[in-house]
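Numbering (our numbering), first residue to last: 12 to 270. Quick notes on the structure that follows.
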């Protein structure tokens with residue numbers, strides 16, 4: 012038997028085919044673009060997330076002239092049922108009682124404690140410059156902002172301000188919120204990397220948000236994960252125009268198809 016009998020590469024992570032009416036998917040459903048307006052930009056992961064699986068995105072494009080930006084979280088609403096989508100994830104999806112979503116801005120993220128990845132052990136933990144998840148191990152650098160991007164002039168809604176934040180991993184990398192020009196990267200900036208995951212505590216799930224190499228949370232608790240599959244949900248709202256899924260395992264070539 013060949014090597015394929017011994018090694019199995021996970022399927023690439025993609026967006027679900029069901030999404031808001033202003034969303035266009037491309038590049039094998041790994042890129043989501045909002046074609047017009049500032050609403051109807053809800054998207055989902057194609058497959059439910061496992062506990063400890065990190066759904067990771069990079070912001071690729073923004074659009075001036077809007078208030079607010081990306082919303083990110085988890086939902087037990089099954090996109091395969093083609094249920095009626097609201098204009099916005101907040102408050103639309105959250106009002107249904109099966110979604111846990113928050114705006115990705117400094118002000119909103121800082122409402123939650125910053126923690127260390129090893130506090131999520133054994134579901135997720137860090138060692139030897141790698142993060143170990145339920146879907147495999149990835150370099151810690153994958154979670155950091157894209158350093159080659161030009162700095163964005165856009166920030167969410169005037170609420171963002173520079174905060175001194177200790178690193179997720181160590182004090183030595185505490186400057187990872189800054190781009191290669193030494194400018195602070197806001198959560199909504201082009202090049203920012205945002206992830207969502209959950210872990211199980213006492214037979215319920217807790218949601219955590221990852222932002223440019225830092226982890227915050229729990230951002231939601233008491234999630235009844237046994238009552239149904241949990242999907243990642245992303246709302247390309249306001250200034251956030253386009254995002255790309257960052258493959259943290261599987262076919263890494265999908266990350267190299269940028270135009």
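Don't be surprised by glycine CBs; every beta carbon is placed ideally from N, CA and C.
Around the C-beta of residue 24, are 16 or more other C-beta atoms found within 10 angstroms, so that it is buried, or is it exposed?
Working through the chain shown from its first residue, we reach residue 24 at position 13. Residue 24 is buried by the Cβ-count criterion.
Contact check, residue 243 vs residue 56 under 8 Å by CB: the rounded distance?
Taking the first residue of the chain shown as position 1, residue 243 is located at position 232. Taking the first residue of the chain shown as position 1, residue 56 is located at position 45. Residue 243 to residue 56, Cβ: 4 Å. Contact.
Considering only their Cβ atoms, is the gap separating residue 155 from residue 80 smaller than 8 Å?
Locating residue 80 in the chain shown gives position 69, counting from the first residue. Locating residue 155 in the chain shown gives position 144, counting from the first residue. Going by C-beta atoms, residue 80 is not nearer than 8 Å to residue 155.
Residue 234 and residue 69 look like a contact to me (Cβ under 8 Å); what is the Cβ gap, rounded to whole Å?
Position 223 of the chain shown, counting from 1, holds the residue named residue 234. Position 58 of the chain shown, counting from 1, holds the residue named residue 69. 25 Å between Cβ atoms; not a contact.
Decide if residue 116 is buried, meaning its Cβ has at least 16 other Cβ atoms within 10 Å, or exposed.
Within the chain shown, residue 116 is the residue found at index 105, counting from 1. With 16 or more Cβ atoms within 10 Å of its Cβ, residue 116 is classed as buried.
Within the continuous beta strand (DSSP E) that includes residue 246, where are the two ends?
The residue labelled residue 246 in the question sits at position 235 within the chain shown. Here the beta strand (DSSP E) through residue 246 covers 242-246.
Quick check on residue 232: buried or exposed, where buried means 16 or more other Cβ atoms within 10 Å of its Cβ?
To locate residue 232, count along the chain shown from 1; it is residue 221. Per the 10 Å Cβ criterion, exposed.
DSSP bridge partner residues for residue 147 (one or two, in chain order)
Position 136 of the chain shown, counting from 1, holds the residue named residue 147. Its beta-bridge partners are 144.
Per DSSP, what kind of secondary structure is residue 219 in: helix, strand or coil?
Residue mapping note: residue 219 aligns to position 208 of the chain shown, counting from 1. Residue state, collapsed to three classes: strand.
Under 8 Å, do residue 76 and residue 51 count as touching if we go by C-beta distance?
As a first step, residue 76 must be located in the chain shown, where it is residue number 65. As a first step, residue 51 must be located in the chain shown, where it is residue number 40. No, these two residues do not count as a Cβ contact at 8 Å.
Using DSSP with H/G/I as helix, E/B as strand and the rest coil, what is residue 65?
Sequence index remark: in the chain shown, residue 65 carries index 54 (1-based). Residue state, collapsed to three classes: coil.
Exposed unless 16 or more other CB atoms sit within 10 angstroms - verdict on residue 94:
As a first step, residue 94 is located in the chain shown; it is residue number 83 there, counting from the start. The residue is exposed, with fewer than 16 neighbouring Cβ atoms inside 10 Å.
Cβ-based neighbour list, residue 61, same chain, cut-off 8 Å, excluding 5 preceding and 5 following
The residue given as residue 61 occupies position 50 in the chain shown. The residues are 145, 146.
Top-ranked residue by Cα proximity to residue 209, from 73, 91, 78, 110
Within the chain shown, the letter at position 198 stands for residue 209. For the options 73, 91, 78, 110, the alpha carbon positioned closest to that of residue 209 is the one of 110.
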